[in-house]
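If you read the sequence shown in this note's numbering, its first letter stands for residue 582, the second for the next number, and so on. A virtual CB, placed ideally from N, CA and C, is assigned to each residue, including glycine. A short worksheet on the structure shown next.
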Amino acid sequence: MSAIVLFDGVCNFCDGTVNFIIEHDKKDYFKFAPLQSEAGQKYVEDFDLSEIDSVILVENRKAFTHSTAALKIAQRLGGIWSLAYGFIIIPKPIRDFFYKLFARYRYKLFGKKDECMIPTPEVRAKFL
Numbered sequence: 582m583s584a585i586v587l588f589d590g591v592c593n594f595c596d597g598t599v600n601f602i603i604e605h606d607k608k609d610y611f612k613f614a615p616l617q618s619e620a621g622q623k624y625v626e627d628f629d630l631s632e633i634d635s636v637i638l639v640e641n642r643k644a645f646t647h648s649t650a651a652l653k654i655a656q657r658l659g660g661i662w663s664l665a666y667g668f669i670i671i672p673k674p675i676r677d678f679f680y681k682l683f684a685r686y687r688y689k690l691f692g693k694k695d696e697c698m699i700p701t702p703e704v705r706a707k708f709l
């Protein structure tokens, strides 16, 4: 069993986050696809999520967005990172307010690329 992480492929912060997940995903649970890719767009269409431009987690045929997606990813990483899932007790509208605020300024804070990242051969198998 695995889950799919859809991410903004031109966002430097998102790229760093994907690399962080890959590094800490000891069970090889996650697969990845940029939102801009054909595979990413298929998931966006299947779950009617065209308004989402940051992280989407597809797990057990359900799509999770914004802060819920980020927290569920952290939970699956295990170790100290799973403690972040405790923030799930904060009401979703409050969590998502801060998540969306950060997401709105992520390009200004971290920049963006002209094209999606190209994974190394070792990591390529984790991408759809």
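Assigned exposure category for residue i - 16 Cβ within 10 Å defines buried
| i | result |
| --- | --- |
| P672 | exposed |
| F588 | buried |
| L652 | buried |
| G597 | exposed |
| I654 | buried |
Residue range of the alpha helix (DSSP H) that includes residue i
| i | result |
| --- | --- |
| T598 | 593 to 605 |
| P674 | 673 to 691 |
Span of the beta strand (DSSP E), counted from its first residue to its last, around residue i
| i | result |
| --- | --- |
| A665 | Element bounds for A665: n/a, residue is neither H nor E. |
| A584 | 584 to 588 |
Residue i vs residue j beta-carbon contact at 9 angstroms
| i | j | result |
| --- | --- | --- |
| S648 | F601 | no |
| I585 | L690 | no |
| R676 | F668 | yes |
| L664 | A650 | no |
| D627 | L616 | no |
| G659 | K607 | yes |
Alpha-carbon to alpha-carbon, residue j and residue i
| i | j | result |
| --- | --- | --- |
| A644 | W662 | 21 angstroms |
| C595 | S583 | 20 angstroms |
| E619 | E640 | 19 angstroms |
| K681 | T701 | 30 angstroms |
| E604 | P674 | 30 angstroms |
| V591 | I670 | 31 angstroms |
| F613 | Y624 | 11 angstroms |
| G621 | D629 | 12 angstroms |
| V704 | R685 | 28 angstroms |
| F683 | V636 | 12 angstroms |
| S631 | D609 | 27 angstroms |
What are the start and end residues of each continuous alpha helix (DSSP H) run of 4 or more residues lying completely inside the stretch 610 to 667, in chain order?
619 to 627, 647 to 658
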